[in-house]
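Peer 1: My questions all concern the structure below.
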Amino acid sequence: FDLPTPAKDGCTFAGWYANAELTGDAVTQIEKGSTGNKAYWAKWDVASYTITFDAKGGSGGPSTLTVRYGVQLPNITIPTNAGHLFLGYYSGDNGTGTQYYDANGKGLKTMPANNITLYANWLNSSDCIFFYNNILCNY
Numbered sequence: 365f366d367l368p369t370p371a372k373d374g375c376t377f378a379g380w381y382a383n384a385e386l387t388g389d390a391v392t393q394i395e396k397g398s399t400g401n402k403a404y405w406a407k408w409d410v411a412s413y414t415i416t417f418d419a420k421g422g423s424g425g426p427s428t429l430t431v432r433y434g435v436q437l438p439n440i441t442i443p444t445n446a447g448h449l450f451l452g453y454y455s456g457d458n459g460t461g462t463q464y465y466d467a468n469g470k471g472l473k474t475m476p477a478n479n480i481t482l483y484a485n486w487l488n489s490s491d492c493i494f495f496y497n498n499i500l501c502n503y
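Our numbering applies: residue 365 is where the sequence shown begins, and numbers increase by one.
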């Protein structure tokens, strides 16, 4: 009897083991004619995924970053764009979608179980004349 291959978000299945320490050789099948209760433990390797940063006309900061699934996103160096204020990185263009990084480059989320592209959101600094959320702005 071949043991099944399970799936788990953000992980790669690394085999079944006959002990909780996950040592020795992985078990792939139960031999024909075996009797008695059997217990097996699944070994999982946490997967890593890539963040691609689109600075949307800015420069500096990372272009890509590889992060393990479920881990808090690390702080990054923010990009610069002459005449603009950086407002953060978002999953959608023009500040739409989920915000993953704030204006200071602080990671706000944990890494999802897939590769993502994040887009810089910029505010034209000529529009700035009053404070809003620690940013001097004019609307």
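Beta carbons are placed, not taken as given, at the ideal position from N, Cα and C, and that holds for glycine. Just so it is clear, the structure is predicted and the values come from calculations on it, not from any experiment.
With burial defined as no fewer than 16 other Cβ atoms inside 10 Å of the residue's Cβ, what is the status of F450: buried or exposed?
Peer 2: buried
Peer 1: Taking only the alpha-carbon atoms, compute the straight-line gap between S423 and A382 and give it to the nearest angstrom.
Peer 2: 52 Å
Peer 1: For D373, which three-state DSSP category applies?
Peer 2: coil
Peer 1: Can you name the residues that DSSP bridges to A406?
Peer 2: W380
Peer 1: Measure the alpha-carbon distance for N478 versus R432 and round it to whole angstroms.
Peer 2: 10 Å
Peer 1: Suppose contacts are defined by Cβ-Cβ distances below 8 Å. Is S371 in contact with W408 by that definition?
Peer 2: First, the amino acid is wrong: residue 371 is Ala here, not Ser. In this structure, W408 does not lie closer than 8 Å to A371 by Cβ.
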